[in-house]
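In full-length UniProt numbering, the protein residues as written are 1 to 558. Ideal placement from N, C-alpha and C gives every residue a C-beta, glycine not left out. Below is one structure, written out as structure tokens, with a few remarks after it.
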């Protein structure tokens, strides 16, 4: 299917890598610093991995310069859908709900980047963990009971915030101005969101160490010392930035470990919409319908509450409705010629498998329809007493872990039945990675090793705006040539880099041309015609009409 995202907006991403020392075993380790521009705000994600002791850590920080003024954001929560907004709450930011007399201090939960619902739930769970030991001490310590009562009242307020019994207001106040709340109408104004700036007090500047901060002059004797560094100009890897030069390199260097990265555009000629194209993209279509946001159809929390929209859409997008494109058979040809190391795909349509590519060569970065799992379900907290304020909340009943075949789920979906686990009544979801879920283990296991071993890289039909997939082109070694086949220039591909080749056009046209340059165009066309039938336009890889998807979307009513 189309590219399946793990973030909910366009992101400009810069990745830096550093060698360092593991804080646990002191062996050499590797730290990545990913700088994301998200809704115009800079976010720094630091991740450290140690291969020696398997230590892992991650940390989120706000980036960019310190604002000269503080920022106060006021958001009107009207219903539970309002809580799907993304928020970056820095350590310096307070969180208040005046109507509930709820005030979280600036240090609560540190820096968090998640939905408002997830943030409130995280605070709830943290308070619940803190309060739990106090119940044991009730009999021997009256003060413990008193403190427990305070926590219980706070939990009740958070419950009201999660269930949105009545509309309320969230106030984010960040003296350093580094926190933000998502505007889903950007670049237009958001009717529920207002921001205002204010001058920090002297006391606030003192608290954050800004009164004595002076970075005007770090030079000796007031003069800047200029150091000239002579840089050797690297020899270009490719003779020029054309697809012809890339094909020539593969042949002359006998490349045997080609890695192919494919995204949503790779399957659009099969009739499957991508996510971002105006008018025809999946998100553009979903915006017409009554969803909290277009991305909600792939949000695990929304799925637990209302799985109907996803399964209505899945019925039209399920494998079997579409046929592989000429591009899919191009990758198949690479594998048969013995020069494909791996195909990392963002798509969930399984057309790689339908084209006959061996599963060993495929890494589905966002999962696929190929299998399914029980993911649990929500149930009301009816076991609580009738006067318990948490009774109106829903409890997530964990998954029993049972696996299901694609055929089992497809039968239910096409019978207009929500698939449920026969063992625990949990929802059964195709193993597609939704927002809020971890990426597949195979993707995490293969990406570093395969990109390091690659001797050539081909990137086809992707916006490179979805992390961590967007980092993959930068993960190959610096002497490895890269080819982009896409309608638009994306990522950090640069025609003047000496190693990047760029073909701007359709994915199928680019794959056909590269196959011709490598000497197997006729084999490719014969394979595509033999599998899809000559009635399909294999020169363009055209599949089913996209109108069926729009028909399915028209049925959505929530």
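What does a CB cutoff of less than 8 Å around residue i pick up in its chain, not counting 5 residues either side in sequence?
i           : result
residue 357 : 328, 331, 332, 335, 343
residue 473 : 261, 457, 459, 464, 482, 491, 492, 493
residue 100 : 157, 160, 161, 168
residue 120 : 83, 158, 161, 162
residue 479 : 237, 499
Inspect the beta-carbon positions of residue i and residue j and report whether they are closer than 9 Å.
i           : j           : result
residue 493 : residue 477 : no
residue 375 : residue 310 : no
residue 154 : residue 102 : yes
residue 259 : residue 451 : yes
residue 197 : residue 67  : yes
residue 104 : residue 77  : no
residue 182 : residue 86  : yes
residue 326 : residue 512 : yes
residue 151 : residue 300 : no
residue 201 : residue 73  : no
residue 505 : residue 485 : yes
residue 348 : residue 430 : yes
residue 256 : residue 523 : no
residue 346 : residue 263 : yes
residue 507 : residue 166 : no
residue 475 : residue 509 : no
Among the residues of its own chain, which have a CB less than 6 Å from the CB of residue i, if the five just before and after it don't count?
i           : result
residue 80  : 164
residue 495 : 241, 502
residue 362 : 343, 352
residue 399 : 374, 375, 376, 426
residue 527 : 329
residue 350 : 319, 368, 369, 370
residue 355 : 324, 328, 329, 332
residue 402 : 374, 421, 423
Across which residues does DSSP place residue i in a beta bridge pair?
i           : result
residue 193 : 75
residue 430 : 372
residue 577 : Past the edges of the chain, shown from 1 to 558, lies residue 577, and the structure says nothing about it.
residue 501 : 483
residue 166 : Per DSSP, none; premise fails for residue 166.
residue 362 : 343
residue 28  : 21
residue 96  : 103, 171
residue 86  : 115
residue 367 : 432
residue 328 : Residue 328 pairs with nothing; no bridge assigned.
residue 397 : 377
residue 249 : Answer is none; residue 249 lacks a bridge partner.
residue 198 : 70
residue 155 : For residue 155, which the question treats as bridged, DSSP gives no partner whatsoever.
Helix, strand or coil for residue i per DSSP?
i           : result
residue 117 : helix
residue 422 : coil
residue 438 : coil
residue 112 : strand
residue 473 : helix
residue 453 : helix
residue 124 : helix
residue 512 : helix
residue 21  : strand
residue 525 : helix
residue 320 : coil
residue 272 : coil
residue 402 : coil
residue 312 : helix
residue 299 : strand
residue 139 : For residue 139, the predicted model reports a pLDDT of 42, less than 50, meaning its position is unreliable; a value from the coordinates is still stated below. The answer is coil: DSSP assigns residue 139 none of H, G, I, E or B.
residue 262 : strand
residue 462 : coil
residue 489 : coil
residue 254 : coil
residue 181 : strand
residue 306 : coil
residue 81  : helix
residue 335 : helix
Return the chain-ordered list of same chain residues with a C-beta closer than 7 Å to the C-beta of residue i, the five sequence neighbours on each side being excluded.
i           : result
residue 246 : 238, 481, 483, 501
residue 204 : 175
residue 199 : 69
residue 341 : 257, 258, 259, 450, 453, 454
- Message: Tell me whether the region 236-254 and the region 499-517 touch, counting them as touching only if at least three CB pairs, one residue from each stretch, are closer than 8 Å.
- Response: Yes: the two stretches touch, three or more of their Cβ pairs being nearer than 8 Å.
- Task: Evaluate the contact criterion for the region 440-448 versus the region 418-427: three or more CB pairs, one atom per stretch, below 8 Å.
- Result: no
- Item | Stretch-stretch touch, CB-based, cutoff 8 Å, three pairs: the region 457-465 with the region 427-442 | No, because fewer than three Cβ pairs between the region 457-465 and the region 427-442 fall closer than 8 Å, the two stretches do not touch.
- Message: With three or more beta-carbon pairs closer than 8 Å as the criterion, would you say the region 167-183 touches the region 94-106?
- Response: yes
- Query: Pairing CB atoms from the region 360-377 with CB atoms from the region 395-406, are three or more of them under 8 Å?
  - Reply: yes
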